[in-house]
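Per my numbering, the sequence shown starts with residue 32, numbered consecutively. Heads up, the beta-carbon is just placed ideally off N, CA and C, and yes, glycines get one too.
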Amino acid sequence: MIKVGIERLDEHLHLFKNQRVGLITNPTGVDRNFKSTIDLLMEKVNVTALFSPEHGIRGNLQAGVHLEPYVDEKTNVMVYSLYGKTRKPTKEMLDGIDVLAFDMQDVGARFYTYLYTMAYAMIACAEYGKKFVVFDRPNPLDGVHVEGSILDLDFRSFVGYYELPQRYGLTIGELARLFNDVYKIGCDLEVVLMDGWKRTMSYQDTGLHWILPSPNIPTADSVYPYVGTCIFEGTNLSEGRGTTKPFELIGAPWLKADEVIKEFDAYQFKGIALRKHYFSPMFSKHQGALCVGVQVYITDKDQADIVYASMVLFNVIKKLHKEFELLPPFKEGTHRFLNLLVGSSFLSDEHIDLNAVKQKMDADKLTFSKIKEKYHLYAL
32 MIKVGIERLD EHLHLFKNQR VGLITNPTGV DRNFKSTIDL LMEKVNVTAL
82 FSPEHGIRGN LQAGVHLEPY VDEKTNVMVY SLYGKTRKPT KEMLDGIDVL
132 AFDMQDVGAR FYTYLYTMAY AMIACAEYGK KFVVFDRPNP LDGVHVEGSI
182 LDLDFRSFVG YYELPQRYGL TIGELARLFN DVYKIGCDLE VVLMDGWKRT
232 MSYQDTGLHW ILPSPNIPTA DSVYPYVGTC IFEGTNLSEG RGTTKPFELI
282 GAPWLKADEV IKEFDAYQFK GIALRKHYFS PMFSKHQGAL CVGVQVYITD
332 KDQADIVYAS MVLFNVIKKL HKEFELLPPF KEGTHRFLNL LVGSSFLSDE
382 HIDLNAVKQK MDADKLTFSK IKEKYHLYAL
C-alpha cells in the first residue's frame, strides 16, 4: 500500500515541534480517507497561515481568477493568495511562521502553475530564513518518461519558469530538490517521502483516488493528453474547456476532422489515436457553438510520444485551415501565450520544421534524463 507524504506526518512531527506553521495546499492535499492536510496539521501542529495557489485552497476558482487575502471560515486562519497581486510570499506573509509546508498534487507537466507556486515559495523561504517542507505525492504520468523540449529562458513565465521539458518525470518533492540545487535557491528544504511508490507507476497503478487538482484535469487519464494538447490554449481552437473532456477534445466549428485524422494517421504514431467528435463548449472558446473536432485517445501510455504527436496535430490543423489563428499576446510587447506554453517560438513560425523540432526534443530528452537522475528519491 502506498503512503503519500502527509500520511507519514507522525514520523516527521519533529519538523514542526514548537514552530509556527504555514501551509500551501488545495483540495488535493488529503490522506487516503479524504481528510484534508489542513485538518491533519491543525490537529497536531500550530498552523498560523494558509497560502492559496491558482484555483484556491478549496478548488473553487477557474483558471486565471485572482484572489484577495481572506480569513478561512472553517479554521479562522488567514489565507494569503499566491495567485494574485503577488505570486511569491512577501516578508509580511512569512513573518508569522517559522516553517512553510507544501502539499498539492502535481500533474507532471511544465506549464502547470503549482510548480512555480512552490518554487517562488522556496525562494522566499531562502530569503527570509524559513524552513520549507514538501509532503511528496506521485507524478501521475510516472517517474520515468521525459518528453518535449527544454524551456528557452527567453520565454520564461508562470507557465514555464525553469529549464524543464514539457514532461519531466519527477515527483513534486524531487522537483523541489532539483530547483533548490540547480537553480541555487538554497532554502532549508525537507521532503517527506512517500512509502511504496515506484518510478514506473502511473497514477492508476497507485490505488489512490484521483482528486481534481484543477477544474480542467477531472481524471487521472486527463493528464496524458494535457501534457501535449495544452498548447492549443494558445490558438483559436477549443481545447475542450467547457466540456467533460478538457484537453481530450480539440476542435472548432470549421475544423475538417476527417482530413485532420487522415493526415495525422499517416505519421503512424504508436499508442495514440484520434476519433472524430462533435461538441459544444458550455464556456471558454466557441461557447455554445457546435464544434467539429477530434478526441485524443492514449491507447498505450508507455509507447505514446504525446508531446511530439500534439505538435504534429497542431501542424496538420494549421496547414489544412485558413481559419486557424494563434491568439495574440495578453499584453502588448510580450510573447504569445503559445510560445510561453511551448517554451520556444518554433510553433509560431510560418513554416514549422517538424524534423528539427523532433531532433531538438530527442536531444533535450537525453540531456534532462541525465540531469534528473541525481534527484531521484525512489527506485524503479
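If you keep only unbroken alpha helix (DSSP H) runs of at least 4 residues inside the stretch 343-396, you get 368-373. When DSSP states are grouped into helix, strand and coil, residue 109 belongs to the strand group. In this structure, the alpha-carbon of residue 55 lies about 16 Å from that of residue 66. Sequence-distant partners of residue 98 (beyond 5 residues in either direction) whose C-beta falls short of 7 Å from its own C-beta, in its chain, are 83, 87, 92, 112, 114, 115. In this structure residue 276 is buried. Its beta-carbon is surrounded by 16 or more other beta-carbon atoms within 10 angstroms. Annotated three-state conformation of residue 259 is helix, per DSSP. For residue 208, the enclosing alpha helix (DSSP H) covers residues 203-213.
Sequence-distant Cβ neighbours of residue 129 in its own chain, meaning closer than 8 Å and more than five residues away, are 50, 51, 52, 161, 162. Of the candidates 327, 107, 119, 327 places its Cα closest to the Cα of residue 253. For residue 326, the pairing in a beta bridge is given by DSSP as 280, 306. In the assembly as shown, residue 80 is a buried residue. Its beta-carbon has 16 or more other beta-carbons within 10 Å.
The alpha-carbon separation between residue 215 and residue 294 amounts to approximately 45 Å.
In the three-state DSSP reduction, residue 266 falls in the strand class (E or B).
Contact annotation: the stretch 100-108 does not touch the stretch 211-230, with fewer than three C-beta pairs closer than 8 Å.
A distance below 7 Å between beta-carbons, with the five flanking residues on each side excluded, links residue 201 to the following residues of its chain, in chain order: 170, 174, 209, 403, 406. In this structure, the beta-carbon distance from residue 400 to residue 177 falls below 8 Å. Residues of the same chain with a CB within less than 7 Å of the CB of residue 205, apart from the 5 flanking positions on each side, are 406, 407, 408 in chain order. Distance check between residue 247 and each of 280, 239, 268, 265 places 280 closest, using alpha-carbon atoms only. The C-beta separation of residue 288 from residue 323 comes to about 5 Å, placing the pair in contact by the 8 Å criterion. For residue 80, there is no enclosing alpha helix (DSSP H); the residue is part of the beta strand (DSSP E) that begins and ends at 77-83.
Excluding sequence positions up to five before and after residue 183, its CB lies within less than 7 Å of the CB of 374, 375, all in the same chain and listed in chain order.
Around the Cβ of residue 362, a 10 Å sphere holds fewer than 16 other Cβ atoms; the residue is exposed.
Here residue 133 has 55, 149, 165 as same chain residues with Cβ atoms under 6 Å from its own Cβ, once five neighbours each way along the sequence are excluded. DSSP lists 133, 222 as the beta-bridge partner residues of residue 165. Under DSSP, residue 34 takes part in a beta bridge, and its partners are 226. With 16 or more other Cβ atoms inside 10 Å of its own Cβ, residue 57 counts as buried.
The alpha carbon of residue 360 has as its nearest neighbour, out of 180, 73, 186, 220, the alpha carbon of 186.
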